[in-house]
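Here the structure is laid out as structure tokens; the discussion comes afterwards.
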Amino acid sequence: MRGNLILEKLEGVKDRFEEVGRLITEPEIITDMKRYVKLNKEYKDLEPVIQAYLAYKNLLNNITSAKEMLSTEKDAEMREMAKAELEDMNEQITPMEENIQFLLIPKDPEDDKNAMVEIRAGTGGDEASIFAGELYRMYQKFCETKKWKLEVSSSTEGTVGGFKEIILYVKGDGAYGLMKYESGVHRVQRVPQTETQGRVHTSAASVAVLPEADEFDVVINQADIRKDTYCSSGPGGQSVNTTYSAIRLTHIPSGIVVTCQDQKSQLKNLDKAMAELRTRLYNLEHQKYIDSISLKRKTMVSTGDRSAKIRTYNFPQGRMTDHRINLTMYNLNAVMDGDIQEIIDKLQMAENAERLKVSEVEE
15 MRGNLILEKL EGVKDRFEEV GRLITEPEII TDMKRYVKLN KEYKDLEPVI
65 QAYLAYKNLL NNITSAKEML STEKDAEMRE MAKAELEDMN EQITPMEENI
115 QFLLIPKDPE DDKNAMVEIR AGTGGDEASI FAGELYRMYQ KFCETKKWKL
165 EVSSSTEGTV GGFKEIILYV KGDGAYGLMK YESGVHRVQR VPQTETQGRV
215 HTSAASVAVL PEADEFDVVI NQADIRKDTY CSSGPGGQSV NTTYSAIRLT
265 HIPSGIVVTC QDQKSQLKNL DKAMAELRTR LYNLEHQKYI DSISLKRKTM
315 VSTGDRSAKI RTYNFPQGRM TDHRINLTMY NLNAVMDGDI QEIIDKLQMA
365 ENAERLKVSE VEE
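Sequential numbering from 15 applies to the sequence shown in my numbering.
Put into structure tokens, the structure is as follows:
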């Protein structure tokens, strides 16, 4: 995809950008909040493409002018200057076109959403629960570096520490777009504290990352929900086991059950439970989208498949291996302290390369 073909594609994007710009000023759009929010997001997403288009078009115009100067200019010094500028601009063309190619790849519409993250202990008993707790801490540290807000919705502690299960919300720009690469089975290899023979054991925990649904995404009929209240358990001060603040919602048509006991207030727990229910219902449909695109790709870096083993943390060797892209790093302590941005960057690069191949085949 070069020259005229790129410009042709960018002209189409520019036309849509201008159309969306007109639409969001029309009174009937402003009064339709769901459509207004959607169009505003589209306008914001198109802005980087338009900026790249203007820079690319300007570069092509400057190259044309420099070539004209070389063909008509008699002054040797001016010709030498034009030649140097032309060489410099020609070097900019390829990286600029590659950047535009990636910008033109259809973006996952869910990437900008907040994320709901479920961490569950798998095989390995108490050691798996401890590891699930360490994964939670790893994400907690990562969220701090991104200045994202992390809220625990519900949790079940392990008998010797960590968690059998913990569900949390990550709120921040592009949270799902980065956190989705963590979906799958995480495996740990180390000598457990309870091991007297010094043997290395393998345990696992599963992570599922879902895009949080907002009220515009899912409309829930309240008649389809059964609400139960019960006493909270665990941390919470004097209100624990004395007030019916915990909430259990059952969505009758789908059979989905969600609970929340994180807050002392029943109303706050209800709000959190409704948010989780919306997200789970939304993701029933979202999974169909994931399945449809996974058919087009061979490796599919971010499937969201809970059963896929994605990463191994080997403590005796201080090694982390991401099996999706055969990436091995020997900075395990830093990784467990939340330094996972480099891993995510490499996963994004691999997925973008996949998506680019697919887009080229479809053209």
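All C-beta atoms, glycine included, are put in the ideal place defined by N, C-alpha and C.
Small disclaimer: the values here were computed from a predicted structure and weren't measured.
Exposed is the label assigned to Arg213, since fewer than 16 other Cβ atoms lie within 10 Å of its Cβ.
Apart from sequence neighbours up to five positions away, the residues of its chain that approach Phe116 with a beta-carbon distance below 6 Å are Asn366, ordered along the chain. Note that the C-beta distance between Ile133 and Gly175 is not below 9 Å. Residues Ala227, Val232, Ile234, His265, Ser268 and Ile270 of the same chain have their beta carbon placed closer than 8 Å to that of Leu295, with the five preceding and five following residues left out of the count. 9 Å or more divides the Cβ of Ile180 from the Cβ of Val199. Judged by their CB atoms, Lys194 and Pro225 are nearer to each other than the 9 Å cut-off. Contact check for Met110 and Leu73: beta-carbon distance about 7 Å, within the 8 Å limit, so the pair qualifies. The residue among Val27, Cys245, Leu19 and Val205 with its C-alpha nearest the C-alpha of Ala142 is Val205. Shown here, Ala322 sits in coil according to DSSP, grouped into three states, outside any helix or strand. Apart from the 5 residues on each side of it in sequence, Ile77 sits with its Cβ closer than 6 Å to the Cβ of Met103 in its chain, given in chain order. Sequence-distant partners of Lys163 (beyond 5 residues in either direction) whose C-beta falls short of 7 Å from its own C-beta, in its chain, are Lys185 and Gly186. If the five residues before and after Gly332 are omitted, its C-beta is found closer than 8 Å to the C-beta atoms of Tyr344, Asn345, Leu346 and Asn347, all from its own chain and listed in chain order. Counting the other CB atoms within 10 Å of its CB gives Gln355 a total below 16, which places it among the exposed residues.
In this structure, the alpha-carbon of Asn340 lies about 46 Å from that of Lys241. If you draw a straight line from the Cα of Lys161 to the Cα of Gly188, it is about 12 Å long.
For Tyr244, the enclosing beta strand (DSSP E) stretches over residues Ile239 to Tyr244. Taken through DSSP and simplified to helix, strand or coil, Lys278 comes out as coil. DSSP places Ile266 in the coil class of the three-state scheme, outside both helix and strand. Annotation: Phe31 to Gln362 spans about 26 Å, alpha carbon to alpha carbon. Counting along the chain, Ile114 sits inside the alpha helix (DSSP H) bounded by residues Ala90 to Leu118. With respect to Tyr57, Val27 sits apart: the two C-beta atoms are not nearer than 9 Å.
Between the alpha carbons of Ile44 and Ile38 lies a distance of about 7 Å. Bounds of any beta strand (DSSP E) do not take in Val205, whose DSSP letter is neither H nor E.
Inter-residue distance for Gln236 and Pro62 is about 41 Å (C-alpha atoms, whole angstroms). Given a length threshold of 4 residues, each whole run of the alpha helix (DSSP H) inside the stretch 326-357 is given here in chain order: 346-350. Excluding sequence positions up to five before and after Asn328, its CB lies within less than 6 Å of the CB of Gln203, all in the same chain and listed in chain order. Just so you know, the alpha carbons of Gln280 and Leu60 end up roughly 42 Å apart. In the three-state reduction of the DSSP assignment, Pro123 falls in the coil class. Val63: member of the alpha helix (DSSP H) spanning Met47 to Thr86, first to last residue.
About 6 Å separates the beta carbons of His337 and Lys323, which is inside the 8 Å limit, making them a contact pair. The DSSP assignment places 163-171, 177-185 and 198-204 as complete runs of the beta strand (DSSP E) inside the stretch 147-221, in order along the chain (cut-off: 3 residues).
For Ile43, the enclosing alpha helix (DSSP H) covers residues Pro41 to Ile44.
DSSP, reduced to helix, strand and coil, places Val272 within a strand of the structure shown. Membership of Glu226 in any beta strand (DSSP E) is not indicated, and neither H nor E is assigned to it by DSSP. Shown here, Val233 sits in coil according to DSSP, grouped into three states, outside any helix or strand.
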